[in-house]
Amino acid sequence: MGGDHIDGQVLLLAAAKASVGPQRLPDLVEVVQSSLGDRLPEYRREYEVAFEDPDRLGFFVEADHWAELGRQLGLGERERDAVERVHTEQLRRVGRNTDREDEFETALDIREAVVIGRD
């Protein structure tokens with residue numbers, strides 16, 4: 001299954017709220033990861049690292065980042081929204097698990113989240 005850098009609970013939650021089928025969501029996450037994984041050094045240089053663990057890195061990116069990324073990857077609006085929700089929910093989950101939930105929620109008021117898996 002795609003999205004090994006995304007917790008299964010996060011995929012289930014996002015699939016329940018997404019307007020794409022739950023069987024499609026892991027494939028979409030994997031398409032995005034394929035693109036983002038190649039750009040990890042760029043993200044490290046350009047964006048604030050929100051968290052880093054052995055499996056993944058989370059970044060705070062500018063508002064509308066997902067709109068541009070979705071266009072680059074040829075994702076429809078529903079697909080983009082679903083994948084963005086996955087990344088945001090993964091960041092929130094890490095925040096809850098590391099006692100940084102308030103910090104992450106404040107940042108998400110003005111920025112978006114991107115989570116990139118490590119190879």
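Residue numbering for the sequence shown is 1 to 119, as defined by the UniProt record's numbering. The beta-carbon is built from N, C-alpha and C at its ideal position, and this holds for glycine as well.
Query: Where the beta strand (DSSP E) containing Gly21 begins and where it ends; Result: That residue, Gly21, is in no beta strand (DSSP E); it is neither H nor E in DSSP.
Query: Chain-order list of residues whose beta-carbon lies under 7 Å from that of Val61 (same chain, five-residue window excluded); Result: Tyr47, Arg111, Glu112, Val114
Query: For Glu48, the residue or residues it bridges with in DSSP; Result: Phe60
Query: Span separating the alpha-carbon of Gly21 from that of Leu75; Result: 14 Å
Query: Gln72 versus Arg44 - alpha carbon distance; Result: 20 Å
Query: Val49 beta carbon near the ligand COA (any heavy atom closer than 7 Å); Result: In the structure on display, the ligand COA does not appear, and there are no ligands present to speak of.
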